[in-house]
Amino acid sequence: MPTDPIDSQPTDPAPDRSSRMARTRVKICGLTRESDVDAAVAAGADAVGFVFHPPSPRAVTPEQARRLCERLPPFVSAVGLFVDAAPATIRATLDQVPLDLLQFHGDEAPAHCASFGRRWIKAIRMRPGIDPMAERARFAGAAGLLLDTFEPGRAGGTGQRFDWERIPPELAASIVLAGGLDPSNVAEAIERVRPYGVDVSGGVESARGIKDHARIFAFMQGVNDGDKRR
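Using numbering that gives the first Met the number 0, you'd call the opening residue of the sequence shown number 0 and step up by one each time.
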């Protein structure tokens, strides 16, 4: 019987997914202006973040965030950042703003984070002695962890990086890396840490709450450069 030419072809082993070049996801956080949302989208951001924490210079109201979300095309996610907010405040925000993901950036308990019927991530500020693996187990219901710099009295947006060597290698591929990232160091961060995603706010600003569009594009170029080297 003649051999089927298809069957006679050598079979390659299944590709090793770990050897494929992964694309690092990017969130631009702390957006307050329509032009900044447009710049983040044009640069290729996967997600944009809106801060619902009144003490922050990057805070927006639900009405402002709703208008900003109207500018988002399909497949760009809207993330709402909350810091120890009351459940009623979060629910009122969700009634007004079409958020795809919640980000809890304070001392919220797992049950609180999981109580709103939305996917969520938990920010972990890398204070001395904290164990990221223990936090991953504690917040097992989270879609992921965001690791950020710890500074007493500040919930985030410090502009400072922490020691990336503190990130366990087995956790790196599932975390979002934040803290002091900017166009000058994001490629190095991706090459060294190999995170799932990166989060930037102050590193692409000309003033707090005011994004610098050239820096947004430069940051995205840095991400692309890092992906080529990871």
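Where a beta carbon is used, it is the ideal one built from N, C-alpha and C, also for glycine.
Range covered by the alpha helix (DSSP H) that runs through residue i
i, result
"Val175", "Not the alpha helix (DSSP H): Val175 falls in the beta strand (DSSP E), residues Ile174 to Leu176."
"Thr78", "According to the sequence displayed, residue 78 carries Val and not Thr. That residue, Val78, is in no alpha helix (DSSP H); its beta strand (DSSP E) goes Ser76 to Phe81."
"Val222", "His212 to Arg228"
"Ala64", "Pro61 to Cys68"
"Val192", "Val185 to Val192"
Burial state of residue i (16 or more Cβ within 10 Å)
i, result
"Gly196", "buried"
"Arg57", "buried"
"Pro14", "Because Pro14 carries a pLDDT of 38, less than 50, the predicted location of this residue cannot be relied on, and the following value inherits that uncertainty. Classification for Pro14: exposed."
"Ala46", "buried"
"Ala87", "exposed"
"Ala42", "buried"
"Ala213", "exposed"
"Ala136", "exposed"
"Ala44", "buried"
"Glu62", "exposed"
CB contact flag (residue i, residue j, <8 Å)
i, j, result
"Ile123", "Glu134", "yes"
"Asp35", "Lys210", "yes"
"Ala225", "Ala188", "In the sequence on display, residue 225 carries Gly and not Ala. Yes. Within cutoff."
"Ala186", "Arg126", "no"
"Ile27", "Ile215", "yes"
"Phe138", "Pro109", "yes"
"Val222", "Thr92", "no"
"Ala172", "Arg193", "yes"
"His111", "Val82", "no"
"Val40", "Val75", "yes"
"Leu170", "Met132", "yes"
"Asp37", "Arg70", "yes"
Presumed contact (8 Å Cβ cut-off) between residue i and residue j, rounded CB distance
i, j, result
"Ile120", "Ala85", "About 20 Å; that fails the 8 Å criterion."
"Gly202", "Asp181", "3 Å"
"Val78", "Gly48", "4 Å"
"Leu80", "His52", "7 Å"
"Gln159", "Gly179", "5 Å"
Contact set for residue i: own chain, Cβ-Cβ below 6 Å, skip 5 residues either direction
i, result
"Ala177", "Leu145, Asp147 and Asp198"
"Val59", "Thr31 and Phe49"
"Ala113", "Gly140"
"Phe230", "Residue coverage of the chain in this structure runs from 0 to 229, which leaves residue 230 outside it and unanswerable."
Extent of the continuous beta strand (DSSP E) to which residue i belongs
i, result
"Gly196", "Gly196 to Val199"
"Gly29", "From DSSP, Gly29 is part of no beta strand (DSSP E); its letter is neither H nor E."
"Arg124", "Trp119 to Arg124"
"Gln102", "Leu100 to Phe103"
"Glu204", "Glu204 to Ala206"
"Asp147", "Gly143 to Asp147"
"Ala133", "Careful: Ala133 lies outside any beta strand (DSSP E), inside the alpha helix (DSSP H) at Pro131 to Arg137."
"Ala46", "Ala46 to Val50"
Nonlocal neighbours in the same chain, by C-beta distance under 7 Å from residue i, ignoring five residues either side
i, result
"Asp3", "Low confidence applies here, because Asp3 scores a pLDDT of 41, under 50, leaving its location unreliable; read the following figure in that light. The answer is none, since no qualifying residue turns up."
"Pro12", "Note that Pro12 scores a pLDDT of 38, beneath 50, so its modelled location is shaky; the value from the coordinates is reported in the next line. For Pro12, where only same-chain residues beyond five positions count, there are no Cβ hits under 7 Å."
Neighbourhood of residue i by C-beta, 8 Å cutoff - its chain only, sequence neighbours within 5 removed
i, result
"Asp6", "A caution first: Asp6 carries a pLDDT of 39, below 50, which makes its placement in the model unreliable, though a value can still be read off. So no residue of the chain qualifies."
"Ser183", "Gly221"
"Trp163", "Leu176, Ala188, Arg191 and Val192"
"Thr204", "At residue 204 the sequence reads Glu, which differs from the Thr that was named. Same-chain partners within the cutoff: Gly29, Lys210, Asp211 and Arg214."
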